[in-house]
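Taking it in order: structure first as structure tokens, then the write-up.
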Amino acid sequence: MSVLSWRRTLSGPPVRLAKVRAVTTPLPHSLRSDARDNRERILAVARTTFAEQGLDVAMREIARRAEVGSATVYRHFPTKEGLVTEAFREQMTACTAVVDVGLADPDPWRGFCLVIEGVCETQARDRGFTAAFASAFPRAIDFAADRERALGKVAELARRAKAAGKLRPDFVLDDLIMVLMANSGIRTTSPTAALTASRRFAALLIQGLRAEPALPPLPPPARLPPAVVSWTVSFGTI
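Numbering (UniProt numbering), first residue to last: 1 to 238.
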């Protein structure tokens, strides 16, 4: 699958959201419909706001933009972690999908390149997803499990690309974390410019990761702060 095909996945129909949890006393149909509409509007606003400003936006600001009360937001999403997890569930699914496509490619180097391009593009499209992916949300079990599975698959793909002699042998998974951090730092004047810059960054990065006999070894890898990327310790070096 090409990166273009993966982009179409991102633009496809949204993942169906979970139904509003039932309460003990049955509610009138119109009220249930209003509650469902409020939940979907809160999620839509959260996705947009987190994408624009990152995860530091206050819940009351989400409520203001969604034109509901703060109590309504907390009724549907008792914690900010829960709101972030649900808001980025679709992006997490797309990220996992591109990793699966890369792992299934018979050419591990081509698959590895697809993953780098796809992850960088996801970041360029959505700043909030980057922060969510690198955060440790102890109660967001499903999101964390999906993230760890995706990272484990990237590690396996990197091992295959090294065995094929295509990926430089001194690459470690922490290098991918530096990629995420560097790419998320790109600031431009428009979403289109952000995508353009991110694609160029990915291309430059891929050239630097390709195994070449004349390449000098990299300096020793640095362990990044656990508070920033605490999930890396589960994978270590490749």
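Note that CB positions come from ideal geometry on N, CA and C, so glycine has one too.
| task | Would you identify the three-state DSSP class for Pro138, choosing helix, strand or coil? | result | Looking up residue 138 in the sequence shown gives position 138. Note on Pro138: pLDDT 45, under 50, position unreliable in the model; no value is reported.
| For Leu167, which of helix, strand or coil comes out of DSSP? | Taking the first residue of the sequence shown as 1, we reach residue 167 at position 167. Leu167 falls in the strand class under three-state DSSP.
| task | Leaving out five residues on either side along the sequence, give the residues of the same chain with a beta carbon under 6 Å from the beta carbon of Lys166. | result | Indexing the sequence shown from 1 puts residue 166 at position 166. Answer for Lys166: Trp109, Ala211, listed in chain order.
| query | Under a three-way DSSP split, which group does Arg187 fall into? | reply | Locating residue 187 in the sequence shown gives position 187, where the first residue counts as 1. Arg187: coil per DSSP, three-state reduction.
| query | Residues in its own chain within less than 7 Å of Leu218 by CB, not counting five upstream and five downstream? | reply | In the sequence shown, residue 218 corresponds to position 218, counting from 1. Excluding positions up to five away in sequence, the list reads Asp170.
| query | According to DSSP, is Pro28 helix, strand or coil? | reply | Within the sequence shown, the letter at position 28 stands for residue 28. Residue confidence for Pro28 is low, a pLDDT of 46 falling below 50, so the modelled location carries little weight; the figure read from the coordinates is stated next. Residue state, collapsed to three classes: coil.
| request: Check whether the Cβ atoms of Val154 and Val99 sit closer than 7 Å, and answer yes or no. | output: The residue given as residue 154 occupies position 154 in the sequence shown. The residue given as residue 99 occupies position 99 in the sequence shown. Cβ distance < 7 Å, so Val154 and Val99 count as in contact.
| Separation of Pro78 from Glu67, as counted between CA atoms | Mapped onto the sequence shown, residue 67 falls at position 67. Mapped onto the sequence shown, residue 78 falls at position 78. Those two C-alpha atoms are separated by around 18 Å.
| If Leu209 sits next to Arg168, beta carbons under 8 Å apart, how far is it from one beta carbon to the other, in whole angstroms? | The residue given as residue 209 occupies position 209 in the sequence shown. The residue given as residue 168 occupies position 168 in the sequence shown. That belief holds up - the Cβ atoms of Leu209 and Arg168 are roughly 6 Å apart, short of 8 Å.
| query | Buried or exposed: where does Glu121 fall if 16 or more other Cβ atoms within 10 Å of its Cβ makes it buried? | reply | As a working mapping, residue 121 is identified with position 121 in the sequence shown. Per the 10 Å Cβ criterion, buried.
| query | Are there 16 or more other CB atoms within 10 angstroms of the CB of Leu204, so buried, or fewer, so exposed? | reply | If you number the sequence shown from 1, residue 204 lands on position 204. Classification of Leu204: exposed, given that the 10 Å Cβ count is below 16.
| message | What does the Cβ neighbour count give for Ala87, buried or exposed, with the cut at 16 atoms within 10 Å? | response | Taking the sequence shown and counting its residues from 1, one reaches residue 87 at position 87. With 16 or more Cβ atoms within 10 Å of its Cβ, Ala87 is classed as buried.
| message | From the DSSP secondary-structure annotation, give me the bridge partner or partners of Arg210. | response | Here residue 210 refers to the residue found at position 210 of the sequence shown. Per DSSP, Leu167.
| request: Determine the extent of the alpha helix (DSSP H) in which Val98 is found, giving its start and end residues. | output: Within the sequence shown, the letter at position 98 stands for residue 98. Unbroken alpha helix (DSSP H) run through Val98: 89 to 104.
| field | Assigned secondary structure, Val73 (DSSP; H/G/I helix, E/B strand, else coil) | value | Here residue 73 refers to the residue found at position 73 when the sequence shown is read from its first residue. Three-state result, Val73: helix.
| query | Beta carbon of Ala197, beta carbon of Ile186: below 7 Å? | reply | For this step, residue 197 is matched to residue 197 along the sequence shown. For this step, residue 186 is matched to residue 186 along the sequence shown. In this structure, Ile186 lies closer than 7 Å to Ala197 by Cβ.
| 6 Å CB neighbourhood of Leu83 in its chain, flanking five on each side removed | Working through the sequence shown from its first residue, we reach residue 83 at position 83. Here the set comprises Ala46, Phe77.
| Less than 7 Å separating the beta-carbons of Gln91 and Phe129? | As a first step, residue 91 must be located in the sequence shown, where it is residue number 91. As a first step, residue 129 must be located in the sequence shown, where it is residue number 129. Yes.
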